[in-house]
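Input: a single structure, listed below in structure tokens.
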Amino acid sequence: CIEKGNVYSEAPYYGVFTDTTTEKLENLAKESAFRLGASYVVLDKPVEKGRTITMQGKAYTCP
108 CIEKGNVYSE
118 APYYGVFTDT
128 TTEKLENLAK
138 ESAFRLGASY
148 VVLDKPVEKG
158 RTITMQGKAY
168 TCP
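Quick note on this note's numbering: the sequence shown kicks off at 108 and runs consecutively.
See below:
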């Protein structure tokens with residue numbers, strides 16, 4: 108696989124709706140990866156930063 112770049116997403120933290128927020132973060136990161144021309148993305152676990160949750164990872168193109 109060829110690394111295409113880093114992806115990052117951020118969303119407000121809603122407490123009890125953490126699963127929904129995590130899903131939103133994953134979708135935003137995947138959209139960023141596909142804009143880079145990637146076909147795969149490897150994401151780190153979400154991190155709570157105050158009133159937001161962030162997620163980052165790497166985007167790849169694989170044959």
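Just so you know, even glycine gets a beta-carbon here, dropped at the ideal spot from N, CA and C.
In the three-state reduction of the DSSP assignment, residue 135 falls in the helix class.
If you draw a straight line from the Cα of residue 164 to the Cα of residue 121, it comes to about 22 Å.
Minimum Cα-Cα distance from residue 161 among the listed residues 111, 116 and 110 corresponds to 116. Cβ neighbours of residue 139 within its own chain (closer than 6 Å, five residues either side excluded): 114. DSSP links residue 116 through a beta bridge to 162.
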